[in-house]
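Peer 1:
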Amino acid sequence: MQFDKLGSHILAAKLVVLAALGVISPANADLLYRSVTADAGTGAVAWTAANFGVSGGAGVPGAGTLSFFRYANDNTARAQMPAAQCFVRIDLVATHNAQPGATAPVGNDTIPVGALPADQPRPFPWTVDFDNNPAGHWSIARAQMTDRVSNAAASRVAAAGFQALATTAGSNVTVINGTLGNCTA
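Shown next as structure tokens:
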């Protein structure tokens, strides 16, 4: 277990150094997007379960997922989801042009998830899976986010977790503009 934590710390440190040196960038990463709503005046994302709905497999252990879609860049995401006020974007620097079946970590164990203990959040990293069904679809399984067999709990954990990631430098999760020009975490 300690070796796994050490390995994830080393990988995270290497990725941060490579990004800082410009060796890797979003151009060399799979970019995943999730449409979210925000306050129209301030552009602040609504970090609520409604924006991070986990669906499918209600009451079944391990079932239920949080969906993201891969697009080539921000402009393509905006074109494909033209009603999106804002987006949460994951830069998967460990993958580029991944094939179905690929997986990648999201977050690292130094970032607290920040969810309510009653929702039994699981720590980062969470694993995102590329099933490509429908085309470009990636998902995070409920069991990655919480030990509860509840999509509602997983949705709350996802909202808290992605807020923590989007507000932590170097997490590879950011908020970008959609129809709103002032999106912020």
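Going by this note's numbering, the letters in the sequence shown line up with residues 16 to 200, in that order. Note that beta-carbon positions come from the ideal geometry of N, C-alpha and C, so glycine has one too.
1. Cutting at 6 angstroms between CB atoms, please list the residues of its own chain near A168, excluding the five before and the five after it.
2. Counting only runs of 4+ residues fully inside the region 55-119, write out the alpha helix (DSSP H) ranges in chain order.
3. In chain order, what residues of the same chain lie with their CB nearer than 7 angstroms to the CB of P115, ignoring the 5 residues before and after it?
4. Looking at the secondary structure, which residues open and close the beta strand (DSSP E) in which N166 lies?
5. Find out if the Cβ-Cβ distance for the pair V103, V60 is shorter than 9 angstroms.
6. Could you check the C-alpha separation between G196 and T91 for me, to the nearest Å?
7. Taking only runs that begin and end inside the region 116-160, name each unbroken beta strand (DSSP E) of 3 or more residues, in chain order.
8. Counting beta carbon pairs with one atom in the region 182-193 and one in the region 69-80, are three or more of them shorter than 8 angstroms?
9. Output the boundary residues of the beta strand (DSSP E) element that contains R49.
10. Return the chain-ordered list of same chain residues with a C-beta closer than 8 angstroms to the C-beta of T118, the five sequence neighbours on each side being excluded.
11. According to the neighbour-count rule (16 or more other Cβ atoms, all chains shown, within 10 Å of its Cβ), is G79 buried or exposed?
12. Can you tell me whether DSSP reads N187 as helix, strand or coil?
13. Under a Cβ-count criterion, where at least 16 other Cβ atoms within 10 Å of its own Cβ denotes burial, should G56 be classed as buried or exposed?
Peer 2: Once the coordinates are examined:
1. Counting only Cβ-Cβ distances below 6 angstroms, and skipping sequence neighbours, we find D134 and T161.
2. Entirely contained in the region 55-119, the alpha helix (DSSP H) runs reaching 4 residues are, in chain order, 89-95.
3. Excluding residues within five positions, the ones whose Cβ falls inside 7 angstroms are F145, D146 and N147.
4. Premise fails: N166 lies in the alpha helix (DSSP H), N166 to A181, not in any beta strand (DSSP E).
5. Cβ atoms of V103 and V60: closer than 9 angstroms.
6. Roughly 16 angstroms separates the two Cα atoms.
7. Listed in chain order, they are 118-121, 141-145 and 152-156.
8. The count of Cβ pairs closer than 8 angstroms, one atom from the region 69-80 and one from the region 182-193, stays below three, leaving the stretches out of contact.
9. Membership of R49 in the beta strand (DSSP E) is indicated by the continuous run D45 to V51.
10. Counting only Cβ-Cβ distances below 8 angstroms, and skipping sequence neighbours, we find T142, V143, D144 and F145.
11. Buried, since its Cβ has 16 or more Cβ neighbours within 10 Å.
12. When DSSP states are grouped into helix, strand and coil, N187 belongs to the coil group.
13. Label assigned to G56: exposed.
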